[in-house]
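S.K.: Structure incoming, see below.
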Amino acid sequence: MELELKEDHHEHMNQLRVMVQDSLEHPYLTDDALARHLVANNYNLHKAHQSLVKTVDWRISFKTDDLTLDMLREEAVHGTVYTRGSDKHGHPIVYLKKKKTNSNPVMNLQLLVYTIERAIQQLPKDKTKCFFIFDLEHYSRSNSPPLSVTMETLQIFMHHYPERMFKTCIVHAPMVFSVLFQVVAPLLDPKTRKKIVFLKDPRDLLHDIDEKQLELKYGGQLPFDYEQYSKE
């Protein structure tokens with residue numbers, strides 16, 4: 001497990017298990033999930049429990065377990081959100097690329113959630129986190145999502161996927177995005193903020209990812225073929 005655990009972690013886990021068993025029942029509530037929510041909430045049992053309750057409610061309302069690539073094909077076919085390859089430590093890589101034109105914000109968010117869920121399924125047994133690459137080459141004011149969508153996406157990731165980010169690298173970021181990031185950054189947990197890195201040269205990704213696991217566009221050797229991806 002990649003979490004930073006306290007010495008009395010097991011004691012807190014036992015207490016949280018009892019709290020959960022008395023109030024919740026859902027497949028999401030594994031020991032891994034409990035541990036991640038516990039660590040993300042600095043071992044505050046009440047906050048961790050409330051976080052788990054909200055996440056279970058969200059997963060039910062968002063229907064995370066019902067999402068499939070077929071139902072999201074209209075958005076997925078553009079090849080802007082997907083998981084492919086892994087970094088040098090074995091963390092699955094999730095690519096998020098900005099399209100030249102506006103996308104369906106609801107379906108795009110569903111595709112992001114589906115992709116994160118798919119990446120989590122690919123995690124090695126000793127890993128709990130993913131490596132994210134945001135490519136903003138085509139980002140502009142005209143095709144940027146509404147701030148409400150950006151905030152919803154941020155809230156989902158922060159509250160419902162705690163301790164899932166190993167590192168996030170942002171490439172090809174224009175000045176207009178830097179302004180937006182200054183608005184969003186204060187809302188991020190300090191630990192999360194430290195994991196977000198802006199790269200001037202996308203080839204610097206090779207410090208974290210072997211060229212055989214990285215896309216051609218960033219100096220690697222891995223091609224992306226949607227039709228092949230959809231069959232995997």
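Using my numbering, the letters of the sequence shown correspond one by one to residues 1 to 232. We put the beta carbon where it would ideally sit given N, CA and C, even for glycine.
(1) Hey, is residue 80's beta-carbon within less than 8 Å of any beta-carbon in chain C?
(2) Which residue or residues does DSSP assign as beta-bridge partners of residue 82?
(3) Should residue 193 go down as buried or exposed, given a rule of 16 or more other Cβ atoms within 10 Å for buried?
(4) By Cβ distance below 7 Å, which residues in the same chain neighbour residue 145 in space, the five residues on each side in sequence not counted?
(5) At 3 residues or longer, and completely inside the stretch 120-180: list those beta strand (DSSP E) runs for me, N to C.
(6) Can you grab the Cα-Cα spacing for the pair residue 113 / residue 76, in whole Å?
(7) Taking the straight line between their C-alpha atoms, what separation do you get for residue 119 and residue 155?
(8) Just to confirm, are residue 196 and residue 168 a CB contact at a threshold of 8 Å?
(9) Within 10 Å of its beta-carbon, does residue 91 have 16 or more other beta-carbons around it, so buried, or fewer, so exposed?
(10) On the DSSP bridge list, what partners appear for residue 198?
(11) Using the rule of at least 16 other Cβ atoms within 10 Å of the residue's Cβ for burial, across every protein chain shown, is residue 125 buried or exposed?
(12) With DSSP as the reference, label residue 211 as helix, strand or coil.
(13) With a threshold of 7 Å on Cβ separation, who are the neighbours of residue 173 within its own chain once the five nearest residues in sequence on each side are excluded?
(14) Determine the DSSP secondary structure at residue 5, reduced to helix, strand or coil.
(15) Tell me the rounded alpha-carbon separation between residue 165 and residue 131.
(16) Is it right to say residue 56 is buried, meaning 16 or more other beta carbons lie within 10 angstroms of its own, or is it exposed?
(17) Alpha helix (DSSP H) containing residue 55: first to last residue?
(18) On the three-state DSSP scale, how would you describe residue 29?
(19) Hey, out of 13, 209, 219, 66, whose CA is closest to residue 89's CA?
(20) If we count Cβ pairs, one from each stretch, closer than 8 Å, do we get three or more for the stretch 16-36 versus the stretch 210-222?
M.R.: Result, derived from the coordinates:
(1) Given the protein chain composition of this structure (a single chain), no chain C is represented.
(2) In the DSSP output, where bridge partners are listed per residue, residue 82 has 95.
(3) With fewer than 16 other Cβ atoms from the protein chains shown falling within 10 Å of its own Cβ, residue 193 counts as exposed.
(4) Counting only Cβ-Cβ distances below 7 Å, and skipping sequence neighbours, we find 105.
(5) List check, beta strand (DSSP E) in window: 130-135, 165-171.
(6) Cα to Cα, the separation comes out at about 12 Å.
(7) One C-alpha to the other measures close to 19 Å.
(8) Cβ distance < 8 Å, so residue 196 and residue 168 count as in contact.
(9) Residue burial annotation: residue 91 is buried, with at least 16 other C-beta atoms found within 10 angstroms of its C-beta.
(10) Answer by DSSP bridge pairing, in chain order: 170.
(11) If you draw a 10 Å sphere on the C-beta of residue 125, you find fewer than 16 other C-beta atoms in it, and that means exposed.
(12) In the structure shown, residue 211 sits in a helix (DSSP, three-state: H, G or I).
(13) These residues qualify, in order along the chain: 136, 198.
(14) Coil.
(15) Straight-line spacing of the CA atoms in residue 165 and residue 131 works out to 6 Å.
(16) Residue 56 comes out buried.
(17) 45-62 is the span of the alpha helix (DSSP H), which, as asked, contains residue 55.
(18) Secondary structure of residue 29 (DSSP, three-state): coil.
(19) When only C-alpha atoms are compared, the closest one is 209.
(20) Flag = no, the stretch 16-36 and the stretch 210-222 do not touch.
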